[in-house]
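Below is one structure, written out as C-alpha cells, with a few remarks after it.
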Amino acid sequence: MAYSDISHGLWAATAKDKPVLDKLEGEQVAEVAVIGGGYTGLSAALHLAKAGRSCIMLEANEVGFGGAGRNVGLVNAGLWLMPEDVISLVGHDHGETLIRVLGASPELVYSLIDEYDISCEAWRHGTLHCADSGAGYKALKERERQWQERGAPVSLLERDAAAEMLGTRTFRGALLDKRAGTVQPLGYAFGLARAAQKEGAVLCDRSPVIGLDKCEGGFCLKTPGGQVRAKKVIVAVQGYPEQVFRDQVKNIVPFNYFQFATPPLDNAVLKSVLPGRNGAWDTNLILSSYRLDESGRLIVGSVGNIEGFAWDLNLAWTKRTIAKVFPQIGDVDLEYGWYGRIAMTTNHIPRFHVMDKDMAMVTCYNGRGIGPGTVFGKLLAKYMTDGTREDIPLPVSPVQAVNFRHLRGLFYEAGSRVYHFAQRRI
Ligand SMILES: Cc1cc2nc3c(=O)[nH]c(=O)nc-3n(C[C@H](O)[C@H](O)[C@H](O)COP(=O)(O)OP(=O)(O)OC[C@H]3O[C@@H](n4cnc5c(N)ncnc54)[C@H](O)[C@@H]3O)c2cc1C
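Count the sequence shown with this note's numbering and you get residues 29 to 454, in order.
Next up, the structure:
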C-alpha cells in the first residue's frame, strides 16, 4: 500500500529526498535479511552495511509506511516509564543499561542526521513535558529527580518559565529535557534509507514477506516477486505486521493517535507559539501533543483515530484546544489530519523475542520509537553478526497473546472519544 492522506498526511506531503527502491525480483543471497522498513529495520540495514556485512531489507509497502511515517516526531530520551520503574520491571543490570542506552538515543539519531546530511527538519532544542494538573506536576518532579540522579540535563520549569517557552499559561509547569528534540519523522526514515543504500545495503519496497522457512544454510524468505536466502533474519515489523508476522505481535495492545496541522502561521503569531520550536506533550492520561513544523504549522495530536464520524469529533476538539491553549492564533482552519497505530505493551517495556538462534526481533516501543528504533536496529545488527544476546539490554520474552487485546484497544478508543467530546467546551 502507498501513503494516504489519512495515514501519513502532512509528513508524506513535505518529506524530502524520497529514496528510490526496487521490488524484489528473482533470487538474492545475503548474510542478513531485515524485514520492515521503519527505523528499526533501516537502522539495522545501515549498521550492517557500515560494518561490511551483506544485507537485504524487505519492506511490504513503502519506507516509513508503519509508525515511522505517521508519528509526532518527538525524539525523546528514554522510555515513557520513569527510570526506577524500568529497573523494577527488568532488573538492575538490564535496567541501568537500558536507561543509559535509550537516554543517549537522541545523540545517535542526531549524529546520523549530521553524518549523512539527512534533510528532516531536525531541531534539538529540548522537549517540554507539560503538567496539566497538580498530580502531573508532582509526577514530573519525581521524573526530574530520577533523571538528575543519573546526570541527565533535565529540569522542571515553574509556570512562568514554562509559559515563556510554550507560549501558553495552560500548564502548571514543564519538564525541559535538553537531550531531546523533533524531526520530520518520514523525512528521517527516508534519510536512514538513503544512508543504508550509500553504505551498500540492498533495500526493496513493495516486497511483503509472505513465507519464511528454514532452508539449507539459514532461511528462505518469499515475496510475491522473488526470494531471499539469508543466514540470519532481523524482524522489524512493530505495529504494522503483514502476512506471516501477525502471530509475532499478539502481545501488542493497539492504540491509535491522531494529529491535525494548521496552515503555516503568521510570523508575528509564531513569536509567541512554541517560540523556541520545542516539541511538547502533557501529563494527561489521554495525552495531547503540540509541535511546529519547518513551515510554521502547528500540529496538535491526541489519542484516537479519525475514521468515520471520529474525524468531525476530533477535528472539533482540536479547534477548541487551539483556541483555549493558544488563543493568540485566533480562528484557524486545519489543513491536514492523519493517524497511526502505536504498539503498546501492558507494562510499557519493549519486547525482545528470539524466535530462533539466528532470528530475532525487538518490538513495542510504546510510542517512543525514533530513538529506540534507531538504537535497537544498531544493536540487533551487532547481535546478528559478531555479538551475543547480552548486546540487547532487555530480557528475552516469549510471544504471548494479551488477553482481550483488541478490547483494550477499543477501551482506549471509546474513552478518548468521550473525553474529546466533552473537553474544553466552556
Ligand atoms: C501516531 C503515532 C505517534 C507516535 N509518536 C512518536 C513520537 O513522537 N516519538 C517517537 O519516538 N515515537 C513515536 N511513535 C512510535 C514510533 O513511530 C514507532 O515506535 C516506530 O515507528 C517503530 O519503528 P519500527 O521500525 O520498529 O516499526 P515501523 O515504523 O512500524 O515499521 C514497520 C514496517 O514493517 C513493515 N512490514 C510489516 N510486515 C511486513 C512484511 N511481512 N514484510 C515486509 N515488511 C513488513 C511495515 O510495512 C512497516 O513499514 C508514534 C507512533 C505512532 C503510530
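In this text, a Cβ means the ideal position worked out from N, Cα and C, and glycines have one as well.
These figures come from a predicted structure and were not determined experimentally.
Check, Outcome
"Separation of Pro134 from Thr402, as counted between CA atoms", "9 Å"
"Contact check, Gln266 vs Gly399, beta carbons under 8 Å", "no"
"In DSSP terms, what Gln56 is bridged to", "Val256"
"N- and C-terminal bounds of the beta strand (DSSP E) containing Gln287", "281–289"
"Ala396 Cβ short of 7 Å to ligand 1 heavy atom set", "A small correction: the amino acid at residue 396 is Arg; Ala does not occupy that position in the sequence shown. The answer is yes for Arg396."
"For Gly106 and Gly131, believed in contact at Cβ under 8 Å, the rounded distance", "5 Å"
"Straight-line gap, Val360 to Gly92 (C-alpha atoms, nearest Å)", "29 Å"
"Three-pair Cβ contact test at 8 Å for the segment 214–229 versus the segment 169–178", "no"
"Three-state class that DSSP yields for Gly415 in the structure shown", "coil"
"Through-space distance from Ala409 to Lys259, alpha-carbon basis", "13 Å"
"Gly101 and Val211 closer than 8 Å at C-beta", "yes"
"Whether Met85 touches Cys232 by CB criterion (8 Å)", "yes"
"Through-space distance from Leu49 to Val230, alpha-carbon basis", "9 Å"
"Segments of 3+ residues assigned as beta strand (DSSP E) that fall wholly inside the segment 120–202", "155–159, 182–186"
"Minimum C-alpha distance to Lys226 - residue among Ala73, Ile350, Pro426", "Ala73"
"Beta strand (DSSP E) runs wholly inside the segment 366–415, at least 3 long, in chain order", "379–384, 387–391"
"Selected residue, minimal CA-CA separation from Ile334, among Val60, Thr346, Asn342", "Asn342"
"The segment 415–430 touching the segment 293–313, judged by at least three CB pairs closer than 8 Å", "no"
"As assigned by DSSP and simplified to three states, the class of Ser35", "helix"
"Under 8 Å between C-beta atoms of Ala289 and Tyr364", "yes"
"Residue environment, Glu186, which counts as buried when at least 16 other CB atoms sit within 10 Å", "exposed"
"Top-ranked residue by Cα proximity to Thr3, from Ser316, Gly324, Met372", "Residue numbering for the chain in the displayed model covers 29 to 454; residue 3 lies beyond these limits and cannot be assessed."
"Pro236, buried or exposed, once every other Cβ within 10 Å from all chains shown has been counted against 16", "buried"
"One or two residues paired with Ser316 in a DSSP bridge", "Ser330"
"Cβ-heavy atom distance, Ile63 to ligand 1, below 7 Å", "yes"
"Ile370 classed as buried or exposed, judged by whether at least 16 other C-beta atoms fall within 10 angstroms", "buried"
"is_contact[Val57, chain C] using C-beta, thresh 8 Å", "Annotation note: the requested chain C is absent from the structure, which comprises a single protein chain."
"Same chain only: Cβ atoms within 8 Å of Arg197, ignoring 5 sequence neighbours per side", "Arg187, Ala191"
"Ala388 vs Ile262 beta-carbon contact at 8 Å", "yes"
"C-alpha distance - Gln356 paired with Ala189, whole-angstrom precision", "18 Å"
"DSSP bridge partner residues for Asp241 (one or two, in chain order)", "Cys248"
"Distance CB(Gly158)-CB(Thr311) smaller than 8 Å", "The amino acid at residue 158 is misidentified as Gly; the sequence shows Cys. Yes; because the gap between Cβ atoms is below 8 Å, this pair is in contact."
"Cβ-based neighbour list, Glu55, same chain, cut-off 8 Å, excluding 5 preceding and 5 following", "Gly254, Gln255, Val256, Arg257"
"Through-space distance from Pro291 to Gly123, alpha-carbon basis", "43 Å"
"Contact check, Pro213 vs Ala58, beta carbons under 8 Å", "no"
"Cut-off 6 Å between Cβ atoms - residues of its own chain near His376, not counting five sequence neighbours on either side", "Trp108, Leu109, Asn394"
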